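Reviewing the structure listed below.
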Amino acid sequence: MDWNLLACARHHLTYAPDEPELREHLHVATSAGPAWRCLRCGDFVPGEPRAQGPADDAPVPMRGQLLRDAVILRLLAVERFLRGLLLVLAGWAVLRFRSHQGEVRTQFDTTLPLLQPLADRLHWNLRDSPLLHLVEQALATEPKTLILIAAGLFVYGGLQVVEGVGLWLLKRWGEYLAAVATSLFIPLEVYELVEKITWVRVTALLINIGAVVFLVYRKRLFGVRGGHAAAAAELHHENVLQVARAAAMSPKRAEPA
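The working numbering puts the first residue of the sequence shown at 1, with every later residue one more than the last.
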């Protein structure tokens with residue numbers, strides 16, 4: 001897949017440098033009017049440039065593998081945003097349950113005997129139901145404990161949102177935060193799998209392990225593959241404008257006699 005063309009499907013990134021020696025390498029005249037070379041994919045695009053100014057102020061677009069990495073990071077950011085939203089909603093639900101715990105207890109005690117005849121007809125031992133035990137445990141939980149649970153959900157949800165912001169903005173601190181926070185919860189996810197294997201838990205564990213490996217290896221965190229220096233050098237990759245600058249500064253070949 002050509003990630004440059006995929007990004008340029010939305011719009012090309014054309015730029016007109018003020019320096020004449022650079023403009024001639026990025027501009028051509030056609031029968032349909034002027035065309036400017038895209039700094040991302042390198043194709044000439046008819047029409048006026050999106051921006052102009054000094055060459056030093058020209059945007060440096062991500063291309064190739066860096067562009068692919070940005071897409072993956074933003075997909076991870078969306079996943080973090082959704083997870084954070086679900087955790088915050090869960091915390092709100094716990095607080096709502098706490099404020100109506102007595103009413104729910106009364107309704108539960110009233111409704112449970114009415115379900116017993118149906119359970120007997122279906123040969124279902126209602127008293128041994130895991131769902132019933134879960135509801136009874138929730139109803140028996142102290143209000144202070146429910147507040148702590150809700151606070152934990154809010155904090156964890158907020159952490160997920162902060163991770164998502166850092167990843168979406170492609171910030172280095174966001175990559176570190178996501179790698180560390182995700183790694184800390186992997187042992188808990190493994191423990192949950194030991195307790196009971198479900199497709200949801202397996203999928204979540206694989207996603208988190210893949211995210212940590214990608215962040216540490218591909219984004220060169222914690223000194224891996226050259227660390228921050230190598231990552232910074234990779235960001236200053238060669239782009240179309242730099243090629244034009246090199247061509248303008250190189251000595252011209254002598255004309256044949």
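Glycine is no exception: its CB is placed at the ideal position from the N, C-alpha and C atoms.
No experiment lies behind these values; they were computed from the predicted model shown.
Between LEU5 and ARG80, what straight-line distance do the alpha-carbon atoms span, to the nearest angstrom? Residue mapping note: residue 5 aligns to position 5 of the sequence shown, counting from 1. Residue mapping note: residue 80 aligns to position 80 of the sequence shown, counting from 1. Using only the alpha carbons, I get a separation of about 27 Å.
Take the Cβ of THR203 as the centre, count every other Cβ of all protein chains shown within 10 Å, and call the residue buried at 16 or more, exposed below. On the sequence shown, position 203 is the one that residue 203 refers to. Exposed, by the Cβ-count rule.
Check whether GLY226 and ARG218 have beta carbons under 7 Å apart: For the purposes of this step, residue 226 is taken as the residue at position 226 of the sequence shown. For the purposes of this step, residue 218 is taken as the residue at position 218 of the sequence shown. No, the pair does not count as a contact, with Cβ atoms beyond the cut-off.
Buried or exposed (CB count within 10 angstroms, at least 16 for buried), LEU26: Indexing the sequence shown from 1 puts residue 26 at position 26. It is buried - the Cβ of LEU26 has at least 16 other Cβ atoms within 10 Å.
Three or more C-beta pairs closer than 8 Å, one from the segment 92 to 110 and one from the segment 156 to 174: is that the case here? no
Helix, strand or coil for PRO49 per DSSP? The residue you call residue 49 lines up with position 49 of the sequence shown. The answer is coil: DSSP assigns PRO49 none of H, G, I, E or B.
HIS100, DSSP secondary structure in three states: To locate residue 100, count along the sequence shown from 1; it is residue 100. Of the three classes helix, strand and coil, the one that applies to HIS100 here is coil, per DSSP.
Residue from THR14, VAL213, PRO187 whose Cα sits closest to the Cα of ARG201: Position 201 of the sequence shown, counting from 1, holds the residue named residue 201. Residue PRO187 is the option with its Cα nearest to ARG201.
Indicate the three-state DSSP secondary structure (helix, strand or coil) for CYS41 in the structure shown. Taking the first residue of the sequence shown as position 1, residue 41 is located at position 41. Looking at CYS41 - three-state DSSP - the assignment turns out to be coil, as it is neither helix nor strand.
Skipping 5 residues on each side, what residues in its chain have a beta carbon closer than 8 Å to that of LEU193? As a working mapping, residue 193 is identified with position 193 in the sequence shown. Excluding residues within five positions, the ones whose Cβ falls inside 8 Å are ARG201, VAL202, LEU205.
Relative to the C-alpha of VAL71, which candidate in TRP168, ILE209, LEU22 has its C-alpha closest? Your numbering for residue 71 matches position 71 in the sequence shown. Considering only alpha carbons, the answer is TRP168.
Can you look up VAL94 in the DSSP assignment and give me helix, strand or coil? For the purposes of this step, residue 94 is identified with residue 94 of the sequence shown, where counting begins at 1. Helix at VAL94.
With distances taken Cα to Cα, identify the nearest neighbour of ALA29 among CYS38, GLY47, PRO130, LEU13. Indexing the sequence shown from 1 puts residue 29 at position 29. Selected option, being the one with the closest Cα: GLY47.
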